[in-house]
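Numbers given in the numbering used here equal positions in the sequence shown, counted from 1, plus 75. Just so you know, even glycine gets a beta-carbon here, dropped at the ideal spot from N, CA and C. See below for the structure under consideration.
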Amino acid sequence: MPKMEITTKYSPENFETKWYAYWMEHGFFSSTPDKRVPYTIVIPPPNVTGVLHMGHMLNNTIQDVLIRRARLKGFNACWVPGTDHASIATEAKVVAKLKEQGIQKSDLTREEFLKHAWEWTHQYGGVILEQLKKLGCSCDWNRTKFTMDDELYRSVIKVFVELYNKGYIYRGYRMVNWDPEAKTTLSDEEVIYKEQNGKLYYLIYKVEDSEEFLTVATTRPETIFGDVAVCVNPNDERYKHLHGKKVIIPVVGRAVPIIQDDYVDMEFGTGALKITPAHDINDYEIGLRHQLPILDTFTDEGKLNEHGKHYKGKDRFVVRKEIVKELEANGLLSKTEDYTNNIGTSERTGAVVEQRPLDQWFLKMEELVKPALKAVVETEEIKLYPKRFDNTYRHWLENVRDWNISRQLWWGQQIPAYYYGTGKEDFVVAETKEEALALAKEKSHNPALILDDLRQDEDALDTWFSSWLWPMSVFNGILEPDNEDFKYYYPTQDLVTGPDILFFWVARMIIAGYEFAGDKPFTNVYLTGLVRDKLRRKMSKSLGNSPDALQLIKDFGADGVRVGLLLSSSAGNDLLFDEALCQQGSGFANKIWNAFRLVKGWQTADIPQPDHSKRAIAWFNARFQKVLSETEDDFSKYRISDALMKIYKLVWDDFCSWLLEIIKPAYGAPIDNQTLTEVIALFEDNLKLLHPFMPFVTEEIWQQIAPRTPQEALIVASYPEQKAFDEGILAEFEFVQEVISGVRTIRKEKNIAFKDEISLSVINSEQLPTHWDSIIQKLGNIPAISYTDSAVEGAVSFRVKANEYFVPILDKINVEEEIKKMEKELAHVQGFLKSVRAKLSNERFVSSAPAQVIETERKKEADALAKIETLEKSLQNLK
């Protein structure tokens, strides 16, 4: 056990590294199958080259709270960490680095490029996992996985082959989303639509061999090089005489047919639509119906190709500006209007997405989603928190499209399709090249084929196609479904993630779990909100509003940051982050630290336990059990922030501000042994409740309270047991707290120092048990409490419910000044009462106002009447 040093100042930097190393040294984070009930979480794998940001901080703090609590409750807690290879993001970084060195990706072979990618990954990968350790995350680091690890790679390939053999995976020529910056396709879910202000251009298409012309409205004049027709609605009377004729594409000069299709909205623009099947999904569908050619006019980088004539090699947005000028100069631009529309952008790069028809690999989803839909929406075998996301989940699965799973990248799992000829169907799918050769020989009826005759598909699989297997593949459940780890840890218990990847990842993991393991991947999904700044802006590097995560830990301590993140972060609701929250968390840690120093500094003696200490400890035991019960309920409903706030108030208010004040011995006097023993036991229980939220400061204090063996460390202690408690004690003590607050208020208002003793007389109408008097006396510096049936002369009074408390103050104040002060206050309260009663006597107000508003006004009336009665009696006693 590390050497203990009691410092007067709370300094987390003195013990955070120490205790993390201690936990690691003794293997407290490690898990192996045993007879205990498992509690398993798999981390949402961050990008391998990523760094810690506020979203990661929130998500992983919540996971660590859950895993540490499970460990304390005796479960075999296993939190599997790992990273995602992030095909698009990582490849883009490698390409950029190579470019700085004067190397183009196109100059390299796949093997050469992958060598650079692995070098990059080894250099920068895993940084984020090391940063998570600073936050206190208690992952089983021995189980760290990477989606490009051999076992995980082979799992993806096995699944692809299995799905292909079942008929779920197919290769097809279809319109897909193209990211010209990453130079790869994207799934529909990876396209983010953003509203943008643009222009609607009205172009003039001359009718061939005629003086007539058609005006066609478009937002993208740069695509006219791919026009293959102009389409009108067959019911549009304006254009019926043009059926069967052709128009000349402006600038391009090519004649294309005028066709008819019901898709065209006669009310939009001019009712005439240019058809560019290579660049718009709707045009593509029209093109298929009318058997039109497809003319792709863009390069992979989003530049015009040879079909763009004199614009060849220019960026699409540059061409838009230039071609508008050319159209205008040639009298081919009728007019321009401002226009607002939704533009598809890449979720990864932010580039404006192009729609292009390409040969791609797709996964049929319609049948696969059925068990996943049933599990959440019907049987609730899997529960989403908050439940409102059930509707979002159902809507996506009920309207799911086939998943484009191929990406034009090299970093990732290479698609296991092998081509042996030039025909469209001259390919086989297999886990290895040797298996592919055997299949190719059989399919081609050519036994002379050799391995060198096979060419593997160049594309890699979508990154999500590997991460959808994550809860299974981290335990090698795909390759070896009967292995001990998989049978023990799967299905996992909780998943903590953001709602923004409910489709990308959560739903797909559920689909994969039922398809490949025949079981759910997890039981509960806790969906965190997004972290925003106090102006409600999403945190981002571009806005400069995202604080440095590690600097926050340095400034406020890991415990302070964890508490700050969780204090206002309820499930599914965005967190409005402010560094002041971390300051509050740090202040809370300091409060606990000072409470420990106070208790540790008391001298003990073998003396009887005072009645006030006995009563206070009995009350706090009941209060502790009530909070324990309430937080158990909160955790069962994933109201983690609510649980923290209850524990926060228990420790700050009930333990520090009330219990310790009650039992604290007089200055220089000792405390009795029994009280100190009992209070330290309660302190330890508090530490157990706090540990999942604040692991470092709680372990430090725990270890300083008494010498501990590693087996007695707080991280592996036993969570407090729930016990029956007396609600009556809590109700009585609340009454006592009000009495003490009343006494303190009189001291403050009358400027009576605490060192000056005061007397207290009570009309005990509520029959409050007198055994609480010792606490009232201790905290009010009252030598004795007397009971009376009538008002006490020369005293001011206050009420707690029906009880009236009298404090004689004639010898302690200027009576005349006090009377004037009271009379002024009485007049003010009487005026207030008059205004409230005026409202309540207004029939129109009473009949139209909500019941809650009426109730509030009636309470104001009652409070004012009670205040007036107290003031009048106090004045009577003073006069």
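Contact check for C306 and Q271: beta-carbon distance about 25 Å, past the 8 Å limit, so the pair fails to qualify. By the C-beta criterion, the segment 158-171 is judged not to be in contact with the segment 769-788, since fewer than 3 inter-stretch pairs fall below 8 Å.
Nearest neighbour of H903 by Cα position, chosen from K934, I943, A866 and F873, turns out to be I943.
Comparing C-alpha distances from G346 to each of A292, I398 and V202 shows the shortest one belongs to A292. Exclusion of the five residues before and after S872 leaves A866, E879, Y880, F881, V882, T945, K948, S949 and N952 as the residues of its chain whose Cβ lies within less than 8 Å of its Cβ. Boundaries for E868: no alpha helix (DSSP H) harbours it, and the DSSP string shows neither H nor E there. L764 is positioned such that its CB atom lies no closer than 9 Å to that of V791.
Shortest Cα-Cα distance from I457 to any of T752, K321, P113 and G588 involves G588. With a threshold of 16 other beta carbon atoms within 10 Å, F591 meets it and is buried.
Between Y114 and G211, the CB-CB gap reaches or exceeds 9 Å. Inter-segment contact for the segment 369-376 and the segment 414-432 is present: three or more beta-carbon pairs are separated by less than 8 Å.
Shortest Cα-Cα distance from A939 to any of S922, F907 and V394 involves F907. If the five residues before and after G573 are omitted, its C-beta is found closer than 6 Å to the C-beta atoms of T603, all from its own chain and listed in chain order.
When the beta-carbon positions are compared, L656 and R607 stay at least 9 Å from each other. With contacts defined as CB atoms closer than 9 Å, K439 and I586 fail to qualify as a contacting pair. Distance from the CA of N122 to the CA of D159, rounded to the nearest whole angstrom, comes to 5 Å.
Within the DSSP bridge table, the entry for F221 names T158 as partners.
Ranked by how close their Cα comes to the Cα of Q488, the residues Y228, L407, G362 and R476 have Y228 in first place.
Taking every protein chain shown into account, the CB of F663 has 16 or more other CB atoms within 10 angstroms, so this residue is buried. One alpha carbon belongs to S105, the other to S621, and they sit about 33 Å apart. Counting every other CB atom within 10 Å of its CB across the protein chains shown gives K853 a total of 16 or more, marking it as buried.
Looking at the backbone, the Cα of E510 and that of H131 are separated by about 42 Å. The C-beta distance from A304 to V331 rounds to 5 Å, short enough to fall under 8 Å. Runs of the beta strand (DSSP E) lying entirely within the segment 848-926 and spanning at least 3 residues, in chain order: 860-862, 870-875 and 878-883. In its chain, beyond the 5 residues on either side, L953 have a beta carbon closer than 7 Å to the beta carbon of E893. By the 16-neighbour rule on beta-carbons within 10 angstroms, V451 is buried. Bounds of any alpha helix (DSSP H) do not take in W677, whose DSSP letter is neither H nor E.
In the displayed model, G635 falls within a helix according to three-state DSSP. Each residue's CA atom was taken as its position, placing I137 and D708 some 17 Å apart. At least 9 Å separates the beta-carbon of F808 from that of E841.
About 6 Å separates the Cβ atoms of E91 and A633, confirming a contact at the 8 Å cut-off.
Under DSSP, R431 forms a beta bridge with V251. Ranked by Cα distance from G425, the options K269, K387 and E342 are led by K269. Taking C-alpha positions only, D284 is separated from I576 by approximately 55 Å.
Taking K320 as the centre and dropping the five residues before and after it, the same chain places the C-beta of V282, E283 and I333 closer than 7 Å to its C-beta, in chain order. P119: not part of any alpha helix (DSSP H); DSSP gives it neither H nor E.
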